[in-house]
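Protein chains in written order, with our numbering: chain A, 1 to 295; chain W, 296 to 709; chain P, 710 to 1104.
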């Protein structure tokens, strides 16, 4: 029983990490059909931001708190730069964005290597986040994973509210649903695109800060995560947040269960087979955005 | 596309191919000696050696510092007058963490640059990929990393530890500390799988139980489930053969699960000072490692090596076992060449037996039969300052035994 | 093919598709010119290259030409069919492993086992699924048929359910990732991360001998030319036009009574077969096949070669693949520390600013106004700028 709950929580926390990474993609991929392979490098930028801040801010807790907004802005700014310099030219060719941003991601990795050195760097986590909560029955829940779960849920809540309630959110939704109609209604679609890209990339930065609690901080840290995150968005349904949320947790639990029963390698293959099977059932993802366009 | 245009493009394309081909052969050397056994070009007053490490891709996190340390050895030798009166001219290539690229670059170093020896490679996969290239061309590779043994190529010198110089002493140490059960965690590739096979044979013969065995794909950073399994097994110790990034995630998870070095120590064979720096002592303090060299290893040779390294690359840069083994490799090659009196590969090989070098890790001796070197095994404990201090050593250099022929319990392994 | 095109009406592809032959061009004359082009290509590959290149560079060219074969397939599936397949490494790997398994068994001799199996797998006898590969009559067809069967299985699932565009791209990418993990996990029987290395012989010929390496090169060059001829026939056939039509307006083709899923499936399966053949020939040329060659990164690099060369042309993919692979070697030899910047920059600049690839440079040089091409803005893309999935065709 303990093991069962332990694994369930592990699955949920894998899901939370996936969600945090996929959230930014759900925005950029969902709204603009941009397949941004450099998203992983924005995560890396967020993680390195934490590292840099710790050089001057000594308290591990304080530096983490400061790092969250700073990383959001750093990664967001990188995203806007990418949008303005390259992606803007490629809206008519969504699949090409994948190749271009792949090139960008190669360059950013090399840049990180030259600036911060090839080996991984370390950040200190606040002591509070390296402990765990003991539950009756010998079950322990790691504090850092609770923190990431909370951060992911908070990000989803904030994003949902922003999309529902703010004027900006209305504009974003309008552009997602029908770009040309939004444009003729007086919405500056290119400015909305830029803002969306800022938000999406900024979320990657947040994910980067959170990941310093779990994994390595190095030049290639982003590449391992990106494919899983894209799968989450694709299976969840492009243009929808709730799909990504459900799918992230479902895939997390599926992977944790599969891994417990077999091995990590087999679990990954199980997840893939499940995804292909799922897309047979719902080729446009869990939730589809209903619009009047045919394509 | 009309057929008319088609043909124009076709013609243009072929011209381009021809142009590319011509450019590619800009540095073409004559075809002489391209059959088996390319001889090194030592006609000038310099001698070229190849440096083959990953400067990009996932393995760059480890291999770049090895390249730095090889360069240090080359500079030292050149400052002291070179080898047989010739200055060493290093030719660097990027293996890009991709095994076929390693093979391509090895071939290039041997047949185009005609180097006298190549220093480098890290993963077993890259070594396996270049091995046929060196054997075909009868050229020399100095391989600086501890590995899974069960190999003995006539054209490779192994300056890192084989299993009986690292894993077996690690197990001996655990046994002497009273560990009755172990849990095995490793990355999913050749070294951990082979190492764990050896560990299981050892455990069976020595009354230890192996409570579990788990592998994570290289680069994997999700260790929730594996740590859960380790924790619920209640093993006395964990034997860790994870490589690279996975170690960071594993130890972070290990600590948050409430596991400590006091309750369930982890013996790692791929965590050196450089990796400690990338993980953080917050997570590692008190954990054990098995190597042949630490930055803190006493001796004048090591003080000189550490000082020289820091002077060249920065005071905050640590030195580690693979870096030291790579550094030693260059010096051993120099000693072999000087004993042979020639750069000729077969003469160098013939001269190799019994060559000694006062290495930072202590005196090392080349065993000409296996082409491995005798090294002192050392178990260390990671301290709060990020350095590793020795808690046990084998007293004298352990003779290399890549096929574990002198260990009765290992008879079924090779 | 007959199942795909049930008596196509002559007006099947109405808005002048990119691949159509303009009327009024004398077919005989252009065939002659194409033949001349092929003869020229053959001369370069068979006479010039072996004369001017050292053994090492010729072996590299053989490797590039294998990549070019994969690129020809991608050119059909992506450039002509609009399916961005980011998982060609899987098919390349299937072909490569099938060939390598046979060669390893041949090296081991009758009844023998590949060296690594005793070492890592501790196996006493050959696993069942290895056994058929001992026979060349099974292994050689398998290098092509195995990838085609896998592609057929996957393709008939996803195309029928209309998984396309970015969905298809990411799904195919995940396939490559899963394949790599699967191979690495089965170390005892697949060689794990190491892959299958140290292949010594090729049907009785010693691969260490430079003369035999040259022979392998000639086989590869000949195969590439043959594939190009085949592809030219394919894209100029009625099926080829239908494929372009599906790319540019899938719904419209469906309304005309065709089944776009079958049309796409054929292109996907053909591309997979070419990748498998390339993998099979890569093995004797390089002497190694490993998971590092079939994962996400190499799969993307295959596609980038095609994009750089010009995706919708016949020769663009070949040129692009060779150019990218050659640039990788040349840059990393010249600038071992900084070559990844240059490589990244190359991808960005060519794909972003030269959508037709290098092939469009040729067109520019011929003063063909690329911009004057009629904008194909079908009613399908009504309302959404980004829904314009039509890839910009190259010259």
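C-beta atoms are modelled at their ideal positions from N, C-alpha and C, and glycine is treated no differently. For clarity, every value in this text was computed on a predicted model and none was experimentally measured.
Annotation: Cβ neighbours of residue 511 of chain W in chain A (cutoff 8 Å, chain order): 264. Note that the segment 153–163 of chain A does not touch the segment 177–185 of chain A; fewer than 3 beta-carbon pairs, one per stretch, sit closer than 8 Å. With a threshold of 7 Å between beta carbons, residue 64 of chain A makes no contact with chain P.
Looking at the DSSP output, residue 385 of chain W bridges to W:344. Remark: C-beta atoms of residue 484 of chain W and residue 533 of chain W do not approach each other more closely than 7 Å. Not one beta carbon of chain P lies nearer than 7 Å to the beta carbon of residue 88 of chain A. For the set W:640, W:669, W:471, W:600, the Cα lying nearest the Cα of residue 363 of chain W is the one of W:600.
Pairing residue 244 of chain A with residue 26 of chain A gives a Cβ-Cβ distance under 7 Å.
Secondary structure note for residue 685 of chain W: it is in no alpha helix (DSSP H), and the uninterrupted beta strand (DSSP E) holding it is 683–688. Scanning chain W for C-beta atoms nearer than 7 Å to the C-beta of residue 755 of chain P yields nothing, as the closest lies near 12 Å away. When DSSP reads this structure, residue 673 of chain W sits in a beta bridge with W:586, W:688. Looking at the backbone, the Cα of residue 668 of chain W and that of residue 657 of chain W are separated by about 12 Å.
Using a Cβ-Cβ distance cut-off of 8 Å, the segment 642–654 of chain W and the segment 623–631 of chain W are in contact, since at least three pairs of beta carbons, one from each stretch, lie closer than that value. Under the three-pair Cβ rule at 8 Å, the segment 380–394 of chain W counts as touching the segment 331–350 of chain W.
For residue 197 of chain A, the closest Cβ of chain P is not nearer than 7 Å. Here residue 641 of chain W is exposed: its Cβ has fewer than 16 other Cβ atoms, across all protein chains shown, within 10 Å. A straight-line Cα-Cα distance of about 9 Å links residue 959 of chain P and residue 953 of chain P. Rounded to whole angstroms, the Cβ separation of residue 356 of chain W and residue 481 of chain W is 18 Å, and the two are not in contact under 8 Å. Proximity of chain W to residue 10 of chain A at the Cβ level (cut-off 7 Å) is accounted for by 519, 520, 523, in chain order. Distance from the CA of residue 419 of chain W to the CA of residue 947 of chain P, rounded to the nearest whole angstrom, comes to 51 Å.
Contact residues of the segment 905–932 of chain P toward chain A are absent (C-beta to C-beta distance below 9 Å). Contact residues of the segment 387–400 of chain W toward chain P are 387, 388, 389, 391, 392, 393, 394, 395, 396, 398, 399, 400 (C-beta to C-beta distance below 9 Å). Residue 543 of chain W and residue 119 of chain A have their C-alpha atoms roughly 12 Å apart.
Note that the segment 51–67 of chain A does not touch the segment 256–274 of chain A; fewer than 3 beta-carbon pairs, one per stretch, sit closer than 8 Å. Of all residues in the segment 1005–1039 of chain P, those with a C-beta nearer than 8 Å to a C-beta of chain A are 1005, 1009, 1012, 1013, 1016, reading in chain order. The alpha-carbon of residue 133 of chain A is positioned some 44 Å away from that of residue 704 of chain W. Judged by DSSP secondary structure, residue 407 of chain W falls outside any alpha helix (DSSP H); it is assigned neither H nor E.
Per DSSP, reduced to three states, the secondary structure at residue 481 of chain W is strand. Secondary structure of residue 187 of chain A (DSSP, three-state): coil. Listed in chain order, the positions of the segment 855–873 of chain P with a beta carbon within less than 8 Å of a beta carbon of chain A are 863, 866, 867, 870, 871, 872.
For residue 563 of chain W, there is no enclosing alpha helix (DSSP H); the residue is part of the beta strand (DSSP E) that begins and ends at 561–563.
As the crow flies, the alpha-carbon of residue 794 of chain P is around 7 Å from that of residue 877 of chain P.
For the 7 Å CB-CB criterion, residue 29 of chain A and residue 233 of chain A form a contact. At a Cβ-Cβ threshold of 7 Å, residue 778 of chain P and residue 983 of chain P count as neighbours. C-alpha of residue 63 of chain A to C-alpha of residue 129 of chain A: approximately 13 Å in a straight line. In chain order, 881, 882, 884, 885, 1008 place their CB closer than 7 Å to the CB of residue 796 of chain P, counting only its own chain and leaving out the 5 sequence neighbours on each side.
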